[in-house]
Structure formats: structure tokens, C-alpha cells
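*Asks:* Residue numbers 457 to 851, in the working numbering, belong to the letters of the sequence shown in order. Quick reminder that beta carbons are idealized off the backbone N, C-alpha and C, glycines included.
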Amino acid sequence: MLKVPVVASNRINTPEIAEDILAKGDADLVSMARPLLADADFVNKAAAAKPESINTCIACNQACLDHAFSLERVSCLVNPRACHETELVYLRTQRKKRIAVVGAGMAGLSCATVAAERGHDVTLFEASSQIGGQFVMAAAVPGKEESRKTIRYFTHEIKRTGVKIELSHRATKEELDAGFDEIVIATGVKPRVPNIAGVTHPKVLTYAQVLQHRAPVGQKVAIIGAGGIGVDMCEFLLHEPDISLDAWLDEWGVDLTSSVAGGLREPEHRAPRRELWLLQRKPAGKRMGTGPGRTTGWVHKRVLERSNVHMMGDVEYVRIDDEGLHIRHEDAPHVLAVDNVILCAGQESVRDLFAADERGRPTDPRFHVIGGADVATELDAKRAIKQGAELAARL
Ligand SMILES: Cc1cc2nc3c(=O)[nH]c(=O)nc-3n(C[C@H](O)[C@H](O)[C@H](O)COP(=O)(O)OP(=O)(O)OC[C@H]3O[C@@H](n4cnc5c(N)ncnc54)[C@H](O)[C@@H]3O)c2cc1C
Ligand code: SF4
457 MLKVPVVASN RINTPEIAED ILAKGDADLV SMARPLLADA DFVNKAAAAK
507 PESINTCIAC NQACLDHAFS LERVSCLVNP RACHETELVY LRTQRKKRIA
557 VVGAGMAGLS CATVAAERGH DVTLFEASSQ IGGQFVMAAA VPGKEESRKT
607 IRYFTHEIKR TGVKIELSHR ATKEELDAGF DEIVIATGVK PRVPNIAGVT
657 HPKVLTYAQV LQHRAPVGQK VAIIGAGGIG VDMCEFLLHE PDISLDAWLD
707 EWGVDLTSSV AGGLREPEHR APRRELWLLQ RKPAGKRMGT GPGRTTGWVH
757 KRVLERSNVH MMGDVEYVRI DDEGLHIRHE DAPHVLAVDN VILCAGQESV
807 RDLFAADERG RPTDPRFHVI GGADVATELD AKRAIKQGAE LAARL
């Protein structure tokens, strides 16, 4: 029995987890860092028995540890005010405006809820039947399940701030033109379909068909595009669904018996669930297969290497047919005899609701474009949420 107080730390991101540790007597104190960047009011909200109102840390590391290791100012993906409290200020508006926000992805949700909190009359249009946009797909990826907590938080914020939400409602130019003082275009992105012969073959799927609509996927799969979504696709196709804690500990060689130095034992090797090819046009650099995160990339790389994913750069895509994917690699033709080809080849902004000048800016000053609709980069909820909040603070 230890005679000194024990403090538990790491991934204690909800009051329930903290309470459970203390109630079981596993530790005397809990320590939190990232959850307080995500929500500085965490403790007050827990004390007021309102856990659903907490903006939960989702363990992405994108604006905290990734920034710290790049010598950038630390902040938080889900809370852009973190470490910017005196610069990003949400003042009550002096002139209430009618604001339309189109798209309930991360950009639109952030903008709509901050604008409504400031006292504006906000209507949020969403074409699908749920909020979250691309983040709904992110939540399907093993390791990113906590993205659901951000969607839960915004669901709560919509109610709290009084945003009028119109689900299953595709906004049109005509209705936006009539009756709104400001119009925020947060219509996001759609998957880019590359120009490859045979791209309409039935074995070809987009990442959205797999992650959102759960299209069945075969045993041998080629993934076109090795950016963040291509890496996520590998994780999705390789992982056992609902893996048990014991199986996960075996897979990573984590020892809970305190009998091995460093708490690490030899990981258990299991045959991968599928044979995957992860392909890109550009040369395969050191970071291929890591995704964009500085502090999280090594984990993805480890999973891919352990699962014998064939990672190939400098690939020229020739055609797709019944035989599979025909490519040229290192000056020689190859056929990858795969059951499916999944397109993770980037994204295109959805910008069909406004007239733009030659630089792509809306000609009508009432229109503002944010998030993926502004710039279609792959994994950038951090920019989407920040841009939405910053715009809402100015409107
Ligand atoms: C698998 C996957 C994993 C990801 N992982 C991460 C990650 O780890 N970190 C990260 O930072 N980012 C990640 N992202 C990206 C992140 O989700 C997006 O960058 C971010 O959601 C962009 O947000 P957005 O609001 O601009 O657009 P979107 O999420 O695309 O949302 C746009 C919304 O607008 C709606 N819409 C479009 N047109 C209309 C219309 N006319 N009327 C009404 N509604 C309309 C759409 O239905 C959609 O809901 C991931 C994305 C995917 C697909
Ligand atoms: S950036 Fe991500 S990991 Fe860091 S505190 Fe925010 S939600 Fe948590």
C-alpha cells in the first residue's frame, strides 16, 4: 500500500471518468490538462451537473501538442479561444442581424452557435438529416470515435444559444437572397473523383461510400491517395470492429501487471484483416502513411507497417477494370488484382450558392465563405472551427 498521494492523469476527459477513478479508490487526485484547453469551464459545468454542456477534448493533439512541438502557440481544435482569450472575444451585439449559415459541418456549427450567443437571429440550414458534416465520417475511424463528443457538444450549443436549425433542407440561392442580412457559406467539401479510365467501374468506391454509407468492401483493396483520409481508410479497413480492451493491450504489448520494465511487453502479431495497397502519385517520402499529425503520425505508421500495407509512391494510374487497378510504377506496368479501389484523392469545395469574382471571393458583400468551402484541405476541422468563430465574432 502506497503512503503517498497518487495522482492519475491522461485521457481523463469527462467528469464521469474522473469520478469513476476517485470512487473506485484507484487514485487520490485526478489531473487534467487538455480537457481544460477544450473547455475552461469544465469544473464549473461538472459542479453544476451539466456534463453534456462540456466541450470535450477529443485527443486529436492538432492544436495543443502538435503546436507545442512546432513552436507555435498552443490552442485547441474544438476551442479556438484557448490561449487567444483576449483576442477572440464574443461581445454581445449592438445590432441584431438575421444571419443564414449554410452547412452544419464544423465551420457552420462554430459560426452559427457563436453568432447566436452574441445575440444574432441565426438560421442554420443543413442538407442532410444530421449535423456534423465530414466529422460524422471521422467518428467512424478507429481512434477518432471521440469526434462524436464534439457533435454532442454542438447539439447542446444549438439549443442553448437558440440557433434555428433546418435539417434535411438544402438551401437555395433564392431563399438566401431574400431576407438575410449576412449569409455564411459553410457548405464544405465533396470527394474529388480523379480522371482515371474506368473510374466508374462498380469496384470503385469513394471514401464517403465506405465510411458514411458502409458500402461492403472486399479483402484486397487499393486506396488511391495517401493523405490523412487515405491513412484513416487503412485504419478503418484493418481494425476489428469493437475490439476488446484485452485484445488492444495484446496488440500494442501493454502490460498492466506491473511485472515488466516500462510496462511494455512484446506485441502480439496477428494476421491483418485485409491486404491493402496505399498509393500516391508523388514520391513516397518518410512521412508517407503518417497522416498530418506531428505527434500522432508514428502510431498510424506503426499500424500500417505491422499490417504489411503496401505503401507505394510515384504511381501512375492507368485504368481500372475487372482485373483490378492497372498502374505504372518504377517504369514497369503492374496489375493490382484488387476487389475494390477506394478513392481518397482529395476534395473539392462546394461553392454553388454565390457569384464569385476572379479571386473566388463572393461579389455580394453579405456572403462570407468559411471552412472547406473556402479552402478544401483534407483534415482541417481546426481551421474550420476557428474561421467560423472568428467570423461570428465580427458579424
Ligand atoms: C474520414 C475523415 C476524417 C477526418 N479527420 C479529421 C481530423 O482528424 N482532424 C481534422 O481536423 N479534420 C478531420 N476531417 C476533416 C474535417 O471533418 C473537415 O475538414 C471539416 O469537417 C470541414 O468542415 P466544414 O464545416 O467546412 O465542411 P463539411 O464537414 O463538409 O460540412 C459541410 C456541410 O454542409 C452541408 N451542405 C452542403 N451544401 C448545402 C446546402 N446547399 N444547404 C444545406 N447544407 C448544405 C453538407 O451536407 C455538410 O453537412 C476528417 C474528414 C474525414 C472525411
Ligand atoms: S487540440 Fe485536440 S487534443 Fe488538444 S486539447 Fe484540443 S481537442 Fe484536446
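Given a cut-off of 8 Å on the beta-carbon distance, is the pair Ile798 and Val677 in contact?
*Replies:* To locate residue 798, count along the sequence shown from 1; it is residue 342. To locate residue 677, count along the sequence shown from 1; it is residue 221. For Ile798 and Val677, yes; Cβs fall inside 8 Å.
*Asks:* Taking the alpha-carbon positions, what's the Glu602 to Ala505 distance?
*Replies:* For the purposes of this step, residue 602 is taken as residue 146 along the sequence shown, with counting starting at 1. For the purposes of this step, residue 505 is taken as residue 49 along the sequence shown, with counting starting at 1. In a straight line, the C-alpha of Glu602 is about 21 Å away from that of Ala505.
*Asks:* Where in the region 466-527 do unbroken runs of the alpha helix (DSSP H), each at least 4 residues long, occur, reported from the N-terminal end onward?
*Replies:* Segments of the alpha helix (DSSP H) lying fully in the region 466-527: 471-480, 490-494, 498-503 and 521-525.
*Asks:* Do the region 771-785 and the region 612-632 touch if we need at least three Cβ pairs shorter than 8 Å?
*Replies:* Touching, no.
*Asks:* Would Gly635 and Gly589 be called neighbours here (beta carbons separated by less than 8 Å)?
*Replies:* The residue labelled residue 635 in the question sits at position 179 within the sequence shown. The residue labelled residue 589 in the question sits at position 133 within the sequence shown. No, these two residues do not count as a Cβ contact at 8 Å.
*Asks:* Look at the Cβ atom of Ala801, then the Cβ atom of Arg574, and state whether they are nearer than 8 Å.
*Replies:* Walking along the sequence shown from the start, residue 801 turns up at place 345. Walking along the sequence shown from the start, residue 574 turns up at place 118. In this structure, Arg574 does not lie closer than 8 Å to Ala801 by Cβ.
*Asks:* His663: which of Ser465, Gly564, Val806 and Leu693 sits nearest, CA to CA?
*Replies:* On the sequence shown, position 207 is the one that residue 663 refers to. The residue asked about is misnamed: residue 663 is Tyr in this sequence, not His. Ranking Ser465, Gly564, Val806 and Leu693 by Cα distance to Tyr663 puts Leu693 first.
*Asks:* Does the region 724-737 touch the region 763-774, meaning 3 or more C-beta pairs lie closer than 8 Å?
*Replies:* Yes: the two stretches touch, three or more of their Cβ pairs being nearer than 8 Å.
*Asks:* Short check: CB of Leu493 to CB of Ala849, under 8 Å?
*Replies:* If you number the sequence shown from 1, residue 493 lands on position 37. If you number the sequence shown from 1, residue 849 lands on position 393. Not a contact, by the Cβ cut-off of 8 Å.
*Asks:* Grab the span of the beta strand (DSSP E) containing Tyr546 for me, first residue to last.
*Replies:* As a position in the sequence shown, residue 546 is number 90, starting the count at 1. Premise fails: Tyr546 is in no beta strand (DSSP E) and is neither H nor E.
*Asks:* Just mark Thr549 as buried or exposed, buried being the case when its beta carbon has 16 or more other beta carbons within 10 Å.
*Replies:* Counting from one through the sequence shown, the residue named residue 549 turns up at place 93. So Thr549 counts as exposed.
*Asks:* Reducing DSSP to helix, strand and coil, say where Lys620 ends up.
*Replies:* Your numbering for residue 620 matches position 164 in the sequence shown. Three-state result, Lys620: strand.
*Asks:* Is Phe525 buried or exposed, if buried means 16 or more other CB atoms sit within 10 Å of its CB?
*Replies:* Locating residue 525 in the sequence shown gives position 69, counting from the first residue. Under this definition Phe525 is an exposed residue.
*Asks:* How far does the beta strand (DSSP E) with Ser805 in it reach, from first residue to last?
*Replies:* For the purposes of this step, residue 805 is identified with residue 349 of the sequence shown, where counting begins at 1. Start and end: Gln803 to Ser805.
*Asks:* What's the gap between the Cα of Gly718 and the Cα of Asp706?
*Replies:* By one-based count along the sequence shown, residue 718 stands at place 262. By one-based count along the sequence shown, residue 706 stands at place 250. So the two alpha carbons sit approximately 15 Å from each other.
*Asks:* Quick one: what's Glu731 bridged to in DSSP?
*Replies:* One-based indexing of the sequence shown puts residue 731 at position 275. DSSP output for Glu731 lists Lys676 as bridge partner(s).
*Asks:* At the 8 Å Cβ level, is Gly654 part of the contact set with chain D, yes or no?
*Replies:* Absent from the structure: chain D. Only one protein chain is present.
*Asks:* When the Cα of Arg616 is compared with those of Ala653, Val570, Ile473 and Pro658, which residue comes out closest?
*Replies:* The residue given as residue 616 occupies position 160 in the sequence shown. Closest by alpha carbon: Val570.
*Asks:* Report the partner residues of Glu638 according to the DSSP bridge assignment.
*Replies:* As a first step, residue 638 is located in the sequence shown; it is residue number 182 there, counting from the start. Looking at the DSSP assignment, Glu638 forms a beta bridge with Ile555.
*Asks:* Would you call the region 679-691 and the region 740-752 touching, i.e. three or more CB-CB distances under 8 Å?
*Replies:* Enough Cβ pairs lie closer than 8 Å, so yes.
*Asks:* In the structure shown, what three-state DSSP assignment does Asp702 receive?
*Replies:* Within the sequence shown, numbered from 1, the residue matching residue 702 stands at position 246. In the structure shown, Asp702 sits in a helix (DSSP, three-state: H, G or I).
*Asks:* If you follow the beta strand (DSSP E) that Val774 is part of, which residue opens it and which one closes it?
*Replies:* Stepping through the sequence shown from its first residue, residue 774 is reached at position 318. Where Val774 is concerned, the enclosing beta strand (DSSP E) stretches over Glu772 to Asp777.
*Asks:* By the DSSP assignment, the beta strand (DSSP E) with His785 in it spans what residues?
*Replies:* Stepping through the sequence shown from its first residue, residue 785 is reached at position 329. Per DSSP, His785 belongs to the beta strand (DSSP E) from Gly780 to His785.
*Asks:* Which residues in the same chain as Ala837 place their Cβ atom closer than 7 Å to its Cβ, once the five residues preceding and following it in sequence are excluded?
*Replies:* Numbered from 1 along the sequence shown, position 381 holds the residue referred to as residue 837. Excluding residues within five positions, the ones whose Cβ falls inside 7 Å are Leu533, Met562 and Phe591.
*Asks:* By alpha-carbon positions, which one of Ile685, Ile514 and Ser700 ends up nearest to Met593?
*Replies:* Here residue 593 refers to the residue found at position 137 of the sequence shown. Comparing Cα-Cα distances from Met593 to each of Ile685, Ile514 and Ser700, the minimum goes to Ile685.
*Asks:* Taking Pro536 and Ile841 to be in contact with their CB atoms under 8 Å, please state how far apart those CB atoms are, rounded to whole angstroms.
*Replies:* Here residue 536 refers to the residue found at position 80 when the sequence shown is read from its first residue. Here residue 841 refers to the residue found at position 385 when the sequence shown is read from its first residue. Rounded, the Cβ-Cβ distance is 6 Å, consistent with contact.
*Asks:* List in chain order the residues whose CB is within less than 6 Å of at least one heavy atom of ligand 2.
*Replies:* With the cut-off at 6 Å, the residues found are Arg490, Leu493, Ala494, Cys513, Ile514, Ala515, Cys516, Asn517, Gln518, Ala519, Cys520, Cys532, Leu533 and Val534.
*Asks:* Is the Cβ-Cβ distance between Phe498 and Ile514 less than 8 Å?
*Replies:* By one-based count along the sequence shown, residue 498 stands at place 42. By one-based count along the sequence shown, residue 514 stands at place 58. Contact flag unset, no.
*Asks:* Any idea if His523 is buried or exposed, counting beta-carbon neighbours within 10 angstroms, 16 or more meaning buried?
*Replies:* Sequence index remark: in the sequence shown, residue 523 carries index 67 (1-based). The residue in question, His523, is buried, as its Cβ has 16 or more Cβ neighbours within 10 Å.
*Asks:* Between Tyr546 and ligand 1, is there a pair consisting of the residue's CB and a ligand heavy atom that are separated by less than 7 Å?
*Replies:* Counted from its first residue, the sequence shown places residue 546 at position 90. False, no ligand heavy atom lies under 7 Å from that Cβ.
*Asks:* Is the beta carbon of Thr512 less than 8 Å from the beta carbon of Lys600?
*Replies:* On the sequence shown, residue 512 is found 56 positions in, with the first residue counted as 1. On the sequence shown, residue 600 is found 144 positions in, with the first residue counted as 1. No, the Cβ-Cβ distance between Thr512 and Lys600 is not below 8 Å.
*Asks:* Any heavy atom of ligand 1 inside 7 Å of the beta-carbon of Ser584?
*Replies:* Indexing the sequence shown from 1 puts residue 584 at position 128. Flag set: Cβ of Ser584 near ligand 1.
*Asks:* How would you write the range of the alpha helix (DSSP H) that Leu667 sits in, first residue to last?
*Replies:* What you label residue 667 is simply residue 211 of the sequence shown in a count that begins at 1. Note, Leu667: alpha helix (DSSP H), Tyr663 to Leu667.
*Asks:* What separation, rounded to the nearest whole angstrom, lies between the Cα atoms of Gly618 and Gln843?
*Replies:* As a position in the sequence shown, residue 618 is number 162, starting the count at 1. As a position in the sequence shown, residue 843 is number 387, starting the count at 1. Straight-line Cα distance between these residues: approximately 21 Å.
*Asks:* May I ask you to check if the CB of Ile685 is nearer than 7 Å to at least one heavy atom of ligand 3?
*Replies:* No copy of ligand 3 appears in this structure; the ligands present are ligand 1 and ligand 2.
*Asks:* What's the C-alpha gap between Thr611 and Asp633?
*Replies:* Here residue 611 corresponds to residue number 155 of the sequence shown, with the count starting at 1. Here residue 633 corresponds to residue number 177 of the sequence shown, with the count starting at 1. One C-alpha to the other measures close to 27 Å.
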